[in-house]
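In this text, residue positions in the sequence shown follow UniProt numbering: the first is 1, and each later residue adds one. Built from N, CA and C at the ideal position, the CB exists for glycine as well. Comments concern the structure below.
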Amino acid sequence: MIFTHFDERALAIHRRRVEELGLENITVIYDDIRQSRLADKSFSTVINDFRLNFNTDHYQNQQAIRNMKRVLKPGGTAFISMVVGKRKRWFMAEEKLARLCFTADYYRKLFKNIGLKIVKEFELEEGQKPTYRRFLLTA
């Protein structure tokens with residue numbers, strides 16, 4: 001299993017967690033999914049946990065989703081989580097990086113236009129805004 005991120009602060013957090021939990025089967029590496037150097041069709045499953053919220057515009061979202069599809073093996077699945085909002089808005093998380101919200105409808109259209117099929121959409125309501133969405137997709 002490989003964990004990737006484009007920011008050293010986030011990588012440091014995850015390296016520490018992997019070490020604290022004694023997880024020997026997880027490798028933490030620098031990679032930006034928008035310009036990923038990971039090999040084509042190399043993963044059965046891709047998990048993108050709130051990474052899309054770091055993208056600042058449509059072009060970056062397209063790059064990220066296209067590369068996720070590119071690294072998936074045929075018939076592979078992607079599990080994608082993101083914070084969604086009715087309008088663009090910023091929020092901060094543990095690594096203190098600004099994140100941007102897009103609407104759930106925006107992401108649905110993006111996935112479809114890039115050729116990913118939504119198998120299931122999950123919504124996690126925590127009683128606060130912004131809300132979280134999770135999508136299970138196939139290539």
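Rounded Cβ spacing between residue i and residue j (contact assumed at less than 8 angstroms)
| i | j | result |
| --- | --- | --- |
| Lys-120 | Leu-136 | 4 angstroms |
| Lys-69 | Leu-116 | 6 angstroms |
| Phe-6 | Tyr-30 | 7 angstroms |
| Ser-81 | Phe-43 | With a Cβ gap of about 17 angstroms, Ser-81 and Phe-43 do not count as contacting. |
Straight-line Cα distance separating residue j from residue i
| i | j | result |
| --- | --- | --- |
| Arg-9 | Tyr-106 | 28 angstroms |
| Asn-67 | Val-83 | 20 angstroms |
| residue 140 | Thr-45 | The chain is shown only over 1 to 139; residue 140 falls outside these bounds and no answer can be derived. |
| Glu-19 | Leu-110 | 36 angstroms |
| Gly-22 | Arg-108 | 37 angstroms |
| Gln-63 | His-14 | 24 angstroms |
| Glu-123 | Ala-139 | 21 angstroms |
| Gly-75 | Lys-41 | 10 angstroms |
| Arg-16 | Arg-99 | 22 angstroms |
| Ile-26 | Leu-38 | 16 angstroms |
Endpoints, the beta strand (DSSP E) within which residue i is located
| i | result |
| --- | --- |
| Phe-50 | Counting along the chain, Phe-50 falls outside any beta strand (DSSP E), and DSSP gives it neither H nor E. |
| Ala-39 | Counting along the chain, Ala-39 falls outside any beta strand (DSSP E), and DSSP gives it neither H nor E. |
| Ile-80 | 72–84 |
| Thr-56 | Element bounds for Thr-56: n/a, residue is neither H nor E. |
| Ile-2 | 2–5 |
Cross-strand partners of residue i (DSSP beta bridge)
| i | result |
| --- | --- |
| Glu-121 | Phe-135 |
| Ala-104 | The partner list for Ala-104 (beta bridge, DSSP) is empty, contrary to what the question assumes. |
| Ile-29 | Thr-4 |
Residue i versus the options, residue with shortest Cα-Cα distance
| i | options | result |
| --- | --- | --- |
| Ala-104 | Ile-26, Thr-131, Phe-79 and Ser-36 | Thr-131 |
| Arg-34 | Ala-78, Phe-3 and Asn-61 | Asn-61 |
| Phe-3 | Asn-48, Glu-20 and Ala-39 | Asn-48 |
| Cys-101 | Phe-122, Arg-133 and Ile-118 | Arg-133 |
| Asp-32 | Phe-43, Leu-11 and Ile-118 | Leu-11 |
| Glu-24 | Asp-57, Ala-39, Met-1 and Asp-40 | Met-1 |
| Ser-36 | Thr-27, Ile-65, Thr-77 and Thr-56 | Ile-65 |
| Thr-77 | Val-28, Tyr-59, Thr-27 and Ile-118 | Ile-118 |
Delimiting residues of the alpha helix (DSSP H) encompassing residue i
| i | result |
| --- | --- |
| Ile-13 | 8–21 |
Residue-chain proximity (residue i, chain B), Cβ-Cβ < 8 angstroms
| i | result |
| --- | --- |
| Lys-112 | No chain B is present in this structure, which holds just one protein chain. |
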